[in-house]
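When we follow our numbering, the leftmost residue of the sequence shown carries the number -2, and every step to the right adds one. Where is the CB? At the ideal position from N, CA and C, for every residue including glycine. No experiment lies behind these values; they were computed from the predicted model shown. Below you'll find the structure, written out as structure tokens, and then a few comments.
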Amino acid sequence: MAEQPLKPPPLQKPPGYRDPAAPGKPVARPPQRKPVLPASFHPRKRRRNWCRTCCCFVFVFLLLLTLAVAIAGGIFYLWFEPKLPVFHLQSLRIPQFNVTVKPDGTYLDAGTVTRIEVKNPNGKLELYYGGTHVEVSVGEDEDAELGRKDLEGFTQGKENTTSLKVETTVKNQLVDDGLGKRLKSGYKSKDLVVKIEAKTSVGYIVQGVKIGTVEVGVLCGGVSLKKLDSGDMPKCSIDLLKWVIFNSFSFLDLTGGIQNLINKFDISSSISDVDNVIKIH
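What follows is the structure in structure tokens.
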């Protein structure tokens, strides 16, 4: 029996060899990226518009409140026709006036008694006055000050006239030598020009309710002692310094005051809605 020839052993495959006929392993694909859109294509998130709503609410509230206050002020002015008080310089006496020349200078000692007439021209309104600061000076150009005085506040009735008494003193006030001579000569001849300046606040009273104050400056000047001694009562000028709106009353007081006025004076029902328009606190 013939022997079969021996087959040679299979060759060893080199490291890293890959059979092209063998099925390949699945290759992992990279994740798909979303296309980058321009900024204008990004959908905007809807924000809460509570801020806009709040601003609109505040604006409408302030508008209605301003309108209500304007209507109330118009009604008040048309019904009551408010007027500022009238001031007159009633009299000014200088019972003491001494100019003394000393080695170290000229000194002034003086005392004054001034009366200021205050008249309330309003027939439907009472007035109240805050503290009043008064300054008295003499000379053409306010050469020398004769003292200051603070008066307490007071209330004035309808069409009432009140006389305010102001007493001031100065002692050992140093003045220029030439000014001392002019003051002494003017005092003897009654040609000395006096000036009174006052600052106060004035407000109205409606049905017991104080409705604000106005700061005013009162100036009484440019008049000589001779004219005052003859009975002359010059009218003082008034300057409105500053409005102090709702300084001593609240909107609640204003609403109650308007309602009291409507009930007392039987104002037309067309304006009674003012109380409903004004929303207080």
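#1: Taking the alpha-carbon of V190 as reference, which of V220, K155, T97 has the nearest alpha-carbon?
#2: What residues in its chain sit with their C-beta under 6 Å from that of V163, if we drop five residues either side in the sequence?
#3: Beta strand (DSSP E) containing S198: first to last residue?
#4: Over what stretch of residues does the alpha helix (DSSP H) that includes K181 continue unbroken?
#5: Is it a yes or a no for the segment 72 to 92 touching the segment 57 to 64, going by three-plus beta-carbon pairs under 8 Å?
#6: Output the boundary residues of the alpha helix (DSSP H) element that contains D147.
#7: Does C233 come out as helix, strand or coil in the three-state DSSP assignment?
#8: Name the DSSP beta bridge partners of G218, please?
#9: Considering only DSSP beta bridges, list what E78 is partnered with.
#10: Pick out whichever of M230, C51, K116, K181 has its Cα sitting closest to the Cα of L105.
#11: By DSSP, does G108 sit in helix, in strand, or in coil?
#12: DSSP state of G102, grouped into three classes?
#13: Enumerate in chain order the residues of its own chain whose CB-to-CB distance from V199 is below 7 Å, with the five nearest sequence positions on each side excluded.
#14: Taking three-plus beta-carbon pairs below 8 Å as touching, is the segment 222 to 233 in contact with the segment 149 to 162?
#15: Report the partner residues of K207 according to the DSSP bridge assignment.
#16: Just how far apart, CA to CA, sit F94 and H85?
#17: Going by the beta-carbon positions, is the gap between T103 and I91 smaller than 9 Å?
#18: Here's the rule I'm using: 16 or more other beta-carbon atoms within 10 Å means buried, otherwise exposed. How should L237 be labelled?
#19: Can you tell me where the beta strand (DSSP E) with E156 in it begins and where it stops?
#20: How far does the beta strand (DSSP E) with L122 in it reach, from first residue to last?
#21: In angstroms with no decimal places, state the Cα-to-Cα distance between D178 and V96.
#22: So E132 is in the beta strand (DSSP E); what residue range does that whole segment cover?
Well, looking at it:
#1: Here the closest residue by C-alpha is V220.
#2: So the qualifying residues of the chain are T111, V131, K146.
#3: Counting along the chain, the unbroken beta strand (DSSP E) around S198 starts and ends at 190 to 203.
#4: Here the alpha helix (DSSP H) through K181 covers 174 to 186.
#5: Contact fails: fewer than three Cβ-Cβ distances are below 8 Å.
#6: First-last for D147: 141 to 148, but that is the beta strand (DSSP E), not the alpha helix (DSSP H).
#7: Coil, per DSSP.
#8: Answer is K192, bridged to G218.
#9: In the DSSP output, where bridge partners are listed per residue, E78 has none listed.
#10: Of the listed residues, the one whose Cα sits closest to L105 is K181.
#11: Three-state DSSP puts G108 in a strand.
#12: Residue state, collapsed to three classes: strand.
#13: Around V199: L81, P82, L124, Y126, T210, V211, V213.
#14: Output reads no: the segment 149 to 162 does not touch the segment 222 to 233.
#15: Paired residue(s): I202.
#16: One C-alpha to the other measures close to 24 Å.
#17: Cβ atoms of T103 and I91: not closer than 9 Å.
#18: Using a 10 angstroms sphere on the CB of L237, the tally of other CB atoms stays under 16, which defines it as exposed.
#19: Counting along the chain, E156 falls outside any beta strand (DSSP E), and DSSP gives it neither H nor E.
#20: Careful: L122 lies outside any beta strand (DSSP E) and carries neither H nor E.
#21: The sequence shown places Lys at residue 178, not Asp. Cα atoms of K178 and V96: separation of roughly 8 Å, rounded to the nearest angstrom.
#22: Counting along the chain, E132 sits inside the beta strand (DSSP E) bounded by residues 129 to 135.
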